[in-house]
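First the structure, in the form of structure tokens, and then the observations on it.
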Amino acid sequence: MARIKIGDRDVLIVVDIQNDFCPGGSLSVPNGHEVVPVINRLAKQFPHVVLTQDWHPPDHLSFAAAHPGKKPYDIIAVDYGQQILWPDHCVQATHGAEFHKDLHVPHAALVLRKGIHRAIDSYSTFYENDRKTPTGLVGYLRERGFARVFLAGLALDFCVRYSAEDAKREGFGVAVIEDACRGIDVDGSMGAARKSLEGLGVVRVDSEALA
Ligand SMILES: [Zn+2]
Numbered sequence: 005m006a007r008i009k010i011g012d013r014d015v016l017i018v019v020d021i022q023n024d025f026c027p028g029g030s031l032s033v034p035n036g037h038e039v040v041p042v043i044n045r046l047a048k049q050f051p052h053v054v055l056t057q058d059w060h061p062p063d064h065l066s067f068a069a070a071h072p073g074k075k076p077y078d079i080i081a082v083d084y085g086q087q088i089l090w091p092d093h094c095v096q097a098t099h100g101a102e103f104h105k106d107l108h109v110p111h112a113a114l115v116l117r118k119g120i121h122r123a124i125d126s127y128s129t130f131y132e133n134d135r136k137t138p139t140g141l142v143g144y145l146r147e148r149g150f151a152r153v154f155l156a157g158l159a160l161d162f163c164v165r166y167s168a169e170d171a172k173r174e175g176f177g178v179a180v181i182e183d184a185c186r187g188i189d190v191d192g193s194m195g196a197a198r199k200s201l202e203g204l205g206v207v208r209v210d211s212e213a214l215a
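Position in the sequence shown counted from 1, then plus 4, gives you my numbering.
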């Protein structure tokens, strides 16, 4: 595999390495914790790192418990289209919303929180699920002069996928570091994610290829 040289216009975005997405959490991604040492190692190669956190109010619209009679993984119609319902997760300022205790990226310059509006979910770290409400991350990356975005984290088939798609649409070079991601795989969502990313020309790389 060709080596990719990391430089000053590259940024690593580490998506949602939080307790609720790791084994033992309320919405655990299978083997999600395995990416932590990979990301710790990887982050040392990037002078610029952004961490993101799913950060919901307690009665968030994406929680099945907020809809009487519904259960996790049911799909409902909301103002902006269809929404999968999830178990309560990443509630603001709870243990489940904290980063995994072994995540160690002290030089990360920004912690971007998303999913903060009660009535809109946000998979992407760039735009909420209405596809219009910005998180502000595009502006941050542009102002800092970054050209290429490298993505790692949880879950590959939701938050990483939609972040990669938005970054591509915004004109950044985009690579997903696959061995630094894990997926949930709800109803074939892993296959759909791979197909979509491939179609958009998002590069898939292995952490070993970065230097
Ligand atoms: Zn969420």
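In this text, a Cβ means the ideal position worked out from N, Cα and C, and glycines have one as well. Just so it is clear, the structure is predicted and the values come from calculations on it, not from any experiment.
Between residue i and the rest of its own chain, which residues show a CB-CB distance below 7 angstroms, the 5 nearest in sequence each way excluded?
| i | result |
| --- | --- |
| His-111 | Val-53 |
| Glu-202 | none |
By a C-beta neighbour count over all protein chains shown, 10 Å radius and 16 as the cutoff for buried, is residue i buried or exposed?
| i | result |
| --- | --- |
| Ala-171 | buried |
| Arg-113 | Position check: residue 113 holds Ala in this sequence, whereas Arg was assumed. Exposed: under 16 other Cβ atoms inside 10 Å. |
| Gly-143 | exposed |
| Arg-186 | buried |
| Leu-141 | buried |
| Thr-139 | buried |
| Gly-29 | buried |
| Pro-22 | Reading off the sequence, residue 22 comes out as Gln, not Pro. Counting Cβ neighbours within 10 Å, Gln-22 comes out buried, since at least 16 surround it. |
| His-99 | exposed |
| Ala-123 | exposed |
| Val-206 | buried |
From the DSSP output, read off the bridge partner residues of residue i.
| i | result |
| --- | --- |
| Asp-58 | Lys-118 |
| Asp-14 | Arg-152 |
| Cys-185 | Gly-157 |
| Phe-103 | Gln-22 |
| Ala-179 | Phe-154 and Val-207 |
| Ile-8 | Leu-214 |
Near residue i, what residues of its chain come up, given a Cβ to Cβ distance below 8 angstroms and the 5 sequence neighbours on each side ignored?
| i | result |
| --- | --- |
| Trp-59 | Cys-94, Gln-96, Ala-101, Arg-117, Lys-118, Gly-119 and Ile-120 |
| Cys-163 | Val-19, Asp-20, Thr-56, Asp-58, Tyr-127, Ser-128, Thr-129 and Gly-157 |
| Glu-38 | Arg-186 |
Considering only residues of the same chain and omitting the five flanking positions on each side of residue i, which have a CB-CB separation below 6 angstroms?
| i | result |
| --- | --- |
| Ala-70 | Asp-63 |
| Ala-68 | Lys-74, Lys-75, Pro-76 and Leu-89 |
Review point. Near ligand 1, which residues have their beta-carbon closer than 5 angstroms to a heavy atom?
Key: Residues flagged by the Cβ proximity filter: Asp-58 and Gly-119.
Exercise for review: Count the C-beta pairs between the stretch 119-133 and the stretch 163-178 that are closer than 8 angstroms, then say yes if the count reaches three, no if not.
Suggested key: They touch, by the three-pair rule.
Review point. Is it true that the stretch 184-198 meets the stretch 146-161, where meeting means three or more beta-carbon pairs spaced less than 8 angstroms apart?
Key: Yes, the stretch 184-198 touches the stretch 146-161.
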